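Comments concern the structure below.
There are 2 protein chains.
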Amino acid sequence: MREIEPSWDFYRTFLTVLQEGSLSAAARELGLTQPTIGRHIDALEGVIGFQLFIRSPQGLIPTEAATDLKPHAEQLASNAAALLRAATGLGGGVRGTVRISASEVIGIEVLPPLLAALNDRYPDLVIELSLSDAVEDLMRREADIAVRMVAPEQDALITRRIGGIPLGLHAHRRYLDKHGFPDTLEDLLHHRTIGFDRESAFVRAIRKRVPLIELMRPSFRADSNLAQLAAIRAGSGIGVCQVALARRDPDIVRLFKTEFELPLETFVVMHENLKTTPRCRATFDALVEGLLAYIGT
Amino acid sequence: MREIEPSWDFYRTFLTVLQEGSLSAAARELGLTQPTIGRHIDALEGVIGFQLFIRSPQGLIPTEAATDLKPHAEQLASNAAALLRAATGLGGGVRGTVRISASEVIGIEVLPPLLAALNDRYPDLVIELSLSDAVEDLMRREADIAVRMVAPEQDALITRRIGGIPLGLHAHRRYLDKHGFPDTLEDLLHHRTIGFDRESAFVRAIRKRVPLIELMRPSFRADSNLAQLAAIRAGSGIGVCQVALARRDPDIVRLFKTEFELPLETFVVMHENLKTTPRCRATFDALVEGLLAYIGT
DNA sequence: TCTCTCTCATTCATTTTTGTATATCAGATA
DNA sequence: TATCTGATATACAAAAATGAATGAGAGAGA
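Here's what the structure looks like:
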């Protein structure tokens, strides 16, 4: 007895409906029509024997079954996208699409010039940049190359250690003019500081290094390092950011240069299977080279 | 501009052709016909702009492009299978299919009674057992649950340490009657021994523990632990196997009980997403319980 | 050499899938 | 209340994919 396997296209339709919330919206997204999408869902429900959505005049409400299957469908979509990227880059030469995952700060402040230079050099190279502080999983093919702040553990990944990007305490001159210069680290307790919203591995690392941080009550909180950087630039208070970025603005002052410096270990990581792919290889090398130069400054 | 994405079914067809080696064979496998399969491949080649196969009267010979894309397609198939497994097990209760990955020895000698009992208890549970000494990747959804001899490193996996399965040196009485009893470990150098064909992490671990092994020239080599066990049972010589398995046969004698004992660390591992799925939960618990009992004997 | 069997390619009828048009329902807004 | 906009469901026609049949080439074996 052979089970009849549903068309893989049904999975794509299913995921799109889940993402868009209605048959009509999914139809627009996929370039199909609403009746077709409806039939796909009907067929899929028929095969798996469960209702996936509750139809309503407002759209389709996913059942528990649908939410259970969602992560699988998402991974399927990631893989399909990765396959297509691999396909477009076939045939020698640096061409096709490469998808890079990086943190927001790195992606916004550091990578753009590097990637622009890369694009100048290889006009047929298309770069997708996925910014998130959540660690995107290279194993799941959500990206081809990642810039990471933690050493990856999987063996199937090839990793190049860049080194520590130095972080320092900074404030805008405008803030310091108004609130004074902290003379000692303890003075920070009476200053406006910029901190994290939630606990994270990165925050714990800072805490461990500088226990004083524990006592500080930040007057501005944001999980986004980018928002923190913006807050420093706007003169909201004293915060932690990359030394090299702060130096770009002559009005930003580094505080406690000797007492506080935290190196942020950085790695460029790529899936092993991609190392022979010209576009990935070129991008990987450019990122390594560019980030090394950035650290050197 | 929106790229036209090929049907995901084309990927399935592509992979099947790659696996089967011909359009006709793939058609039989998929329950379609040869012209259909041919059209799928034509369409896929059209979209990606590369020839995937060289047609010949003997079948289709994959081009480099095709072999480059193969791992992606395989992963896609794994994911689709995982989604389908998840779908069949929906709706509460222990039902549906669960896929277990284990080493050959564990899968053949240890798990069957456990799984039989599990199946007795849950008649609607279907178990797939994938035996390989290569570590199947749970992240790639090639299996739902794995019995492993190395601690996994990914955070997304939930792991239960079972403990060390004791390994010992054994020989069949028939062999010992013929070749005599080794009095010291050094005597092993003059005995027929059973060893590994290739180097592996496991072999290196043994070497480190018992450097003498280094000097031994096995007269029977096999990578398969199962084959080694069979060789011991057949009286081919002295080899390493699980103490508990050897004890089952009263004619197998354990040698150097005090001088040689190697605990084989064992873990049961499952993807975190599956922990709330009844069928996976029940299977996981049964494996943990059963293996703990096995170790206890 | 002939035949048998495997393969892929092509043609045409059939089946299936899809799209168009329309009906219906629910909510927001004038 | 009337209307407009979003949604799903359904009927029927159009388009597309599929299957059946056939042709042709390449080996294997008698």
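Chains as they are written, first to last, in numbering that gives the first Met the number 0: chain A, 0 to 296; chain B, 0 to 296. All C-beta atoms, glycine included, are put in the ideal place defined by N, C-alpha and C. If you're wondering where the values come from, they're calculated on a predicted model, not measured in any experiment.
Coil, strand or helix - Phe-13 of chain B by DSSP: helix
Can you find at least 3 beta carbon pairs, one from the segment 11-23 of chain A and one from the segment 59-79 of chain A, that sit closer than 8 Å? yes
Is the segment 242-254 of chain A in contact with the segment 167-177 of chain A, if contact means three or more CB pairs nearer than 8 Å? yes
Which of helix, strand or coil DSSP assigns to Met-0 of chain A: Since pLDDT at Met-0 of chain A reaches only 37, below the 50 mark, its modelled position is unreliable, and the value read off the structure follows with that caveat. Coil at Met-0 of chain A, not helix or strand.
List the residues of chain B that Asp-8 of chain A touches, going by C-beta distances under 8 Å, in chain order. Ser-6, Trp-7, Asp-8
State yes or no: is the beta carbon of Gly-90 of chain B nearer than 8 Å to at least one beta carbon in chain A? yes
Please decide whether His-39 of chain A counts as near chain B, where near means a Cβ-Cβ distance under 8 Å. no
Close Cβ partners of Met-0 of chain A (< 8 Å) along its chain, the five nearest in sequence each way excluded: Summary for Met-0 of chain A: the model assigns pLDDT 37, below 50, so the residue's position carries little reliability; its value from the coordinates is reported in the next sentence. Answer for Met-0 of chain A: no residue qualifies.
So, for Arg-278 of chain A: in the same chain, excluding its five sequence neighbours on each side, which residues have a beta-carbon less than 7 Å away from its beta-carbon? Short of 7 Å from the beta carbon of Arg-278 of chain A, and not among the five residues preceding or following it, lie these beta carbons of its own chain, in chain order: Gly-88, Val-93, Arg-94, Gly-95, Val-97, Leu-124.
Test item: CB-CB of Ser-77 of chain A and Asp-8 of chain B under 8 Å: no
Euclidean distance between Cα positions of Ala-65 of chain B and Arg-232 of chain B: When rounded, the distance between both Cα atoms is 45 Å.
For Phe-13 of chain A, which residues in the same chain have their Cβ closer than 8 Å to its Cβ, ignoring the five residues on either side in sequence? His-39, Ile-40, Leu-43, Leu-51, Ala-65, Leu-68, Ala-72
For Arg-105 of chain A, which residues in the same chain have their Cβ closer than 7 Å to its Cβ, ignoring the five residues on either side in sequence? In the sequence as presented, Arg is not what sits at residue 105 of chain A; that position holds Ile. Closer than 7 Å at Cβ, skipping near neighbours: Val-146.
If we call anything under 8 Å between Cβ atoms a contact, is Pro-151 of chain B one with Thr-158 of chain B? yes
Under 8 Å by beta carbon: chain A residues contacting Glu-152 of chain B: Glu-152, Gln-153
Closest to Phe-266 of chain B by CA distance: which of B:Ser-100, B:Ala-80, B:Val-46, B:Thr-257 is it? B:Ser-100
Presumed contact (8 Å Cβ cut-off) between Glu-181 of chain A and Leu-254 of chain A, rounded CB distance: Looking at the sequence itself, residue 181 of chain A is Pro, so the reference to Glu does not match. With a Cβ gap of about 7 Å, Pro-181 of chain A and Leu-254 of chain A count as contacting.
is_contact[Gln-18 of chain A, chain B] using C-beta, thresh 8 Å: It does not: the Cβ of Gln-18 of chain A has no partner Cβ on chain B nearer than 8 Å.
Residue nearest to Pro-122 of chain B in terms of C-alpha spacing, selected from B:Val-202, B:Thr-282, B:Glu-108: B:Thr-282
State whether the segment 283-294 of chain B contacts the segment 175-189 of chain B, with contact taken as three or more CB pairs (one from each stretch) at a distance under 8 Å. no
Taking the alpha-carbon of Leu-228 of chain B as reference, which of B:Leu-75, B:Glu-288, B:Phe-195 has the nearest alpha-carbon? B:Phe-195
Under 8 Å between the Cβ atoms of Ser-218 of chain A and Thr-192 of chain A? yes
3-residue-minimum beta strand (DSSP E) runs that sit fully inside the segment 34-85 of chain A, ordered along the chain: 52-55, 58-61
Own chain, CB closer than 7 Å to Leu-291 of chain A, minus 5 neighbours either side, in chain order: Ile-161
Go ahead and pull the three-state DSSP assignment for Val-93 of chain B. Of the three classes helix, strand and coil, the one that applies to Val-93 of chain B here is coil, per DSSP.
If you drop the 5 nearest sequence neighbours on each side, which residues of the same chain put their C-beta closer than 7 Å to that of Gln-153 of chain A? Met-138
Proximity test, Cβ basis, 8 Å: Met-0 of chain B and chain A: Caution applies to Met-0 of chain B, whose pLDDT of 38 falls short of 50 and renders its modelled position unreliable; the model cannot decide the point.
Are Val-268 of chain A and Leu-156 of chain A close, meaning C-beta to C-beta below 8 Å? Result yes, Cβ atoms of Val-268 of chain A and Leu-156 of chain A sit closer than 8 Å.
For Phe-49 of chain B, go through chain A and note every residue whose CB falls closer than 8 Å to its CB, in chain order. Ala-86, Leu-89, Gly-90
Of the choices A:Arg-120, A:Glu-141, A:Asp-132, whose alpha-carbon is the least far from that of Ala-85 of chain A? A:Glu-141
Using a C-beta to C-beta distance shorter than 7 Å, which residues of chain B count as neighbours of Leu-156 of chain A? Taking a Cβ-Cβ threshold of 7 Å, none of the residues of chain B is close to Leu-156 of chain A; the smallest such distance is about 11 Å.
Does any residue of chain B have a CB that is nearer than 8 Å to the CB of Asn-78 of chain A? With respect to chain B, the C-beta atom of Asn-78 of chain A has a partner C-beta closer than 8 Å.
Beta-carbon of Asp-132 of chain A versus every beta-carbon of chain B: anything under 8 Å? no
Listing by chain order, which chain B residues have their CB less than 9 Å from the CB of Ala-64 of chain A? Ala-86, Leu-89, Gly-90
With DSSP as the reference, identify every bridge partner of Ser-129 of chain A, one or two as the case may be. A:Ser-100
Check the DSSP bridge columns for Pro-165 of chain B and list the partner residues they point to. By DSSP's assignment, Pro-165 of chain B forms a beta bridge with B:Pro-262.
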